[in-house]
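When you line the sequence shown up against my numbering, it's residues 8 to 255, in that order.
Ideal Cβ placement from N, Cα and C applies to all residues, glycine included.
This structure is a prediction, so every number in the text was calculated from the model and none was measured.
Report on the following structure.
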Amino acid sequence: MNLDNIRIVLVNTSHPGNIGGVARAMKNMGLSRLYLVEPKQFPDEQASWRAASAADVLDNAVVTASLDEAVADCQFVVGTSARGRRIPWPLQDPRRCAERMASQSASEQVAVLFGREDRGLTNDELKICNLHLNIPTSADYSSLNLAMAVQVVCYELRMLLDVDRLSAAEDAEWDTPFATRENMERYYQHLESTLVDIEFLDPAAPRQLMARLRRLYSRVRLDEMELNILRGILTETQKWVRKARSGE
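The following block contains the structure:
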């Protein structure tokens, strides 16, 4: 994926503060190419104020007189759409759409269109798009602020860009070796004997207690340090049981 080949295009934005909010959302996620089609007010102090540390995105924004001009050199165009159309059009959620945009951006110019705050993109504007993108929302309140919508799309692109780095961090070397199967079996035996000692487990009617506890611990990988801590707790518990019984 090449983020430099992906542009965010805002069509007839009415409030300059929204333009600044979009610039900030883009900068957060590493996108820098902003196109403005006939904005009602721009440049404007409200846009600069809302952009915060993303002034460079605003300064380099390209203002065009028409949508055709904004996407003339693009090979792949995505239009955000909040409502169904009479004629079915390829429609995807932001995650799936980001994957498609990422693939196309490797060698093509990609544009993501966002319409007016009050009514989005027109049918004619959506007709020039290769794909329509819809952000799922609650039926109780489906309205999204323009900057929020841009943030969602840019976030999904960012996640794709960082997937290798995030995977590497997830698989990074642990600070302590993970417990061996042999040591886990010793722990289960220790746990079972302790549960019997405190009379939580009845050996005559064990039911599925140990099987369920095994399943619980299998959902996480214990390292040797964690296992030693748990075994230490069991050992101390057994000591207190013996003391209590000796005092009976």
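Could you check the C-alpha separation between residue i and residue j for me, to the nearest Å?
i: Arg103; j: Ser110; result: 11 Å
i: Thr187; j: Glu206; result: 28 Å
i: Glu189; j: Met166; result: 39 Å
i: Gln116; j: Asn19; result: 22 Å
i: Ile135; j: Val84; result: 7 Å
i: Asp182; j: Ile236; result: 15 Å
i: Leu74; j: Asp169; result: 31 Å
i: Pro46; j: Ser150; result: 21 Å
Is the beta carbon of residue i sitting closer than 7 Å to the one on residue j?
i: Leu128; j: Gly86; result: yes
i: Cys161; j: Ala118; result: no
i: Asp66; j: Pro23; result: no
i: Ala58; j: Gly27; result: yes
Excluding five sequence neighbours on each side, which residues of the same chain lie with their C-beta closer than 6 Å to the C-beta of residue i?
i: Tyr42; result: Arg14, Val16, Val69 and Ala77
i: Arg164; result: The question names Arg, but residue 164 is Leu in the sequence shown. Excluding sequence neighbours, Leu164 sits near Ala105.
With DSSP collapsed to three states, give me the class of residue i.
i: Gln99; result: strand
i: Ile205; result: coil
i: Val227; result: coil
i: Gly254; result: coil
i: Ala211; result: coil
i: Ala118; result: strand
i: Thr187; result: coil
i: Thr20; result: coil
i: Thr71; result: strand
i: Asn235; result: helix
Given residue i, which residues of its chain have a CB within under 8 Å of its CB, disregarding the five upstream and five downstream residues?
i: Phe185; result: Arg228, Leu229, Asp230 and Glu231
i: Leu98; result: Ser88, Leu138, His139, Leu140 and Asn141
i: Pro143; result: Asp100
Near residue i, what residues of its chain come up, given a Cβ to Cβ distance below 7 Å and the 5 sequence neighbours on each side ignored?
i: Asn25; result: Glu124, Leu153 and Ala154
i: Asn9; result: Ser112 and Ala113
In this structure, what does DSSP give as the bridge partners for residue i?
i: Ile15; result: Leu41 and Val119
i: His139; result: Gly86 and Leu98
i: Gly127; result: Arg123
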